[in-house]
Amino acid sequence: MYGKIKEHLHKELESIRSEGLFKKERIITSPQDVEIEVENGDRVLNFCANNYLGLSNHPALIEAAKEGMDSRGFGMSSVRFICGTQDLHKKLEARIAEYFGTEETILYAACFDANGGVFEPLFSSEDAIISDSLNHASIIDGVRLCKAQRYRYKNADMADLEEKLREAQAQRFRIIVTDGVFSMDGNVAPMDKINELAEKYDAMVMVDECHSAGVVGKTGRGVTELFNMRGRVDIITGTLGKAFGGAIGGFTTGRKEIIEILRQRSRPYLFSNSVPPSVVNAGIKMFDMMAETHELQDKLHINTSYFMEKMKAAGFDIKPTQSAIIAVMLYDAKLSQDFAARLLDEGIFVIGFYFPVVPKDQARIRVQVSAAHRTDHLDKCIAAFTKIGRELGVLG
Ligand SMILES: *Cc1c(COP(=O)(O)O)cnc(C)c1O
-12 MYGKIKEHLH
-2 KELESIRSEG
8 LFKKERIITS
18 PQDVEIEVEN
28 GDRVLNFCAN
38 NYLGLSNHPA
48 LIEAAKEGMD
58 SRGFGMSSVR
68 FICGTQDLHK
78 KLEARIAEYF
88 GTEETILYAA
98 CFDANGGVFE
108 PLFSSEDAII
118 SDSLNHASII
128 DGVRLCKAQR
138 YRYKNADMAD
148 LEEKLREAQA
158 QRFRIIVTDG
168 VFSMDGNVAP
178 MDKINELAEK
188 YDAMVMVDEC
198 HSAGVVGKTG
208 RGVTELFNMR
218 GRVDIITGTL
228 GKAFGGAIGG
238 FTTGRKEIIE
248 ILRQRSRPYL
258 FSNSVPPSVV
268 NAGIKMFDMM
278 AETHELQDKL
288 HINTSYFMEK
298 MKAAGFDIKP
308 TQSAIIAVML
318 YDAKLSQDFA
328 ARLLDEGIFV
338 IGFYFPVVPK
348 DQARIRVQVS
358 AAHRTDHLDK
368 CIAAFTKIGR
378 ELGVLG
């Protein structure tokens, strides 16, 4: 029986390859860090991890993970509502709510699940979801699983959002959904204006803080801090898999009744395993560290400005950013691939993105800065960019 589809899949794979869209995985043979070892033994500087605070290999989190395992075991072998809830899970949920200034939190195995399970329990065909066109795939999938009417507005375009909100007056409840930071440009959602429109048109607001939590705002509390809106957003989703240690785990935090309904009805919560004690205990430790100091955020913000300014001074075309994502625009798809490959030869690990991940003729290299990058790391990266930029005719 497999013969026919096997042939079909071969053809599909071939066409992915011939379009140059085949994703190959680079093998890393060291822990995740700003300096990593790759398969051939080379050590390279890593500028493409979501390791914004340098916590992925932090000794205090490794220690806390071990403690969690020693005191509460390896796995939960259960979903939360059967026998998968430990005291640690409740503690971490409370820490997340404190961090974001929200009422309550529900943990998931990943933010993909948080976004996948947030809409369907809350909204029906009588309601409207108004979603930014550049929202993450998991939001798009979550919306698809829900019967609400769908509206899509152009990225961060408030005139378009207003038009969609006017149309959506036909529905019972409305929610505006946006990423906090958009991962390809590094721009932040204009939360102040979104909030104004939400008030004017009687809509709730949901923000996905995956790339902004821990990063954006003076103390890293995300876009709600940046726009001085703590406690005023109805739903926040986020991940423990990026700035917050980078292991795994996601959450939805916000209004009490919303979180309570999710605990009763959200399918990825009800029908998927509980986050393991090692990860949960490390998460608690991480939020304890965040509560003590925002030194890491200060360092990250200094590093990001430093890198941006030097790259601009070197003559690169950089998208405006308010996050730790820096898009170095090259426009041409092939150039972005050649450029990234040459940078790897120079010991700099970055990824070139091109259509369909970004719009046609908008190819770029995305650089992700970390608080753990030292100035000499940043300088080495900038020097390599400059050298290759001259070689490939990007810089004059
Ligand atoms: C990474 C990301 C997710 C998925 O988070 P996981 O915890 O890795 O599943 C969801 N939304 C956005 C905006 C993201 O960047």
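Per the numbering used here, the sequence shown starts with residue -12, numbered consecutively.
Every residue, glycine too, gets a C-beta built ideally from N, C-alpha and C.
Item, Value
"Provide the residue(s) that pair with M316 in DSSP beta bridges, ordered along the chain.", "R351"
"Given 8 angstroms as the limit, tell me if S64 has its C-beta closer than that to any heavy atom belonging to ligand 3.", "Ligands present in the displayed structure are limited to ligand 1, and ligand 3 is not among them."
"With respect to 8 angstroms, is the separation between the Cβ of I313 and the closest non-hydrogen atom of ligand 1 below this value?", "no"
"Counting C-beta neighbours from all protein chains within 10 Å, is the total for P264 16 or more, i.e. buried, or is it exposed?", "buried"
"Would you identify the three-state DSSP class for V266, choosing helix, strand or coil?", "helix"
"On the DSSP letters alone, give me the boundaries of the beta strand (DSSP E) that V194 sits inside.", "M191 to D195"
"For the candidate residues S120, I369, M273 and G204, whose alpha-carbon lies nearest to that of P346?", "S120"
"For ligand 1, is there a heavy atom less than 8 angstroms away from the beta-carbon of I126?", "yes"
"Can you tell me which of the three DSSP states N33 falls into?", "strand"
"Considering only C-alpha positions, which residue in the set F303, S310, D325 and Q324 is nearest to M316?", "F303"
"In whole angstroms, give me the CA-to-CA distance for L249 and L132.", "15 angstroms"
"Can you tell me whether DSSP reads F336 as helix, strand or coil?", "strand"
"Just checking C35 against ligand 1 - is the residue's beta carbon closer than 8 angstroms to any of the ligand's heavy atoms?", "no"
"Tell me, to the nearest whole angstrom, how far the beta carbon of N260 is from that of M63; I am working on the premise that it is less than 8 angstroms.", "6 angstroms"
"Looking only at C-alpha atoms, which of D275, I271, L287 and G236 sits nearest to V262?", "G236"
"Tell me, to the nearest whole angstrom, how far the beta carbon of F61 is from that of D114; I am working on the premise that it is less than 8 angstroms.", "With a Cβ gap of about 41 angstroms, F61 and D114 do not count as contacting."
"In whole angstroms, give me the CA-to-CA distance for L365 and G201.", "20 angstroms"
"Let me know the beta strand (DSSP E) ranges lying completely inside the segment 128 to 209, each 3 residues or longer, listed in chain order.", "136 to 140, 161 to 166 and 191 to 195"
"Tell me which residues share the same chain as Q158 and place their Cβ nearer than 8 angstroms to its Cβ, disregarding the 5 neighbours each side in the sequence.", "E113, D114, A115, A135 and Q136"
"Could you check which residue in A311, L94 and I369 has the C-alpha nearest to that of I246?", "L94"
"Taking the straight line between their C-alpha atoms, what separation do you get for H45 and A269?", "10 angstroms"
"Taking 9 angstroms as the threshold (C-beta atoms), are V203 and V168 in contact?", "yes"
"Within the continuous alpha helix (DSSP H) that includes Y(-11), where are the two ends?", "Y(-11) to S5"
"If you measure between the beta carbons of C98 and R353, is that distance less than 9 angstroms?", "no"
"If you check the beta carbons only, do G173 and A314 fall under 9 angstroms apart?", "yes"
"How long is the line joining the alpha carbons of E282 and L109, rounded to whole angstroms?", "38 angstroms"
"Can A358 and L287 be called in contact, C-beta distance under 9 angstroms?", "yes"
"For T235, verify whether its CB is less than 8 angstroms away from any heavy atom of ligand 1.", "Checking the sequence shown, residue 235 turns out to be Ile, not Thr. Yes - ligand 1 has a heavy atom lying nearer than 8 angstroms to the Cβ of I235."
"Assign I222 to one of two classes, buried (16 or more other C-beta atoms within 10 Å of its C-beta) or exposed (fewer than that).", "buried"
"Is the beta carbon of H200 within less than 8 angstroms of some heavy atom of ligand 1?", "Here residue 200 turns out to be Ala, not His, going by the sequence shown. No, the Cβ of A200 stays beyond 8 angstroms of every heavy atom of ligand 1."
"Does L(-4) pass the burial test, meaning 16 or more other C-beta atoms within 10 Å, or should it be called exposed?", "exposed"
"With DSSP collapsed to three states, give me the class of S118.", "strand"
"Taking 9 angstroms as the threshold (C-beta atoms), are A311 and T280 in contact?", "no"
"Could you tell me the alpha carbon to alpha carbon distance between K180 and D144, rounded to whole angstroms?", "10 angstroms"
"Is I23 helix, strand or coil when you go by DSSP?", "strand"
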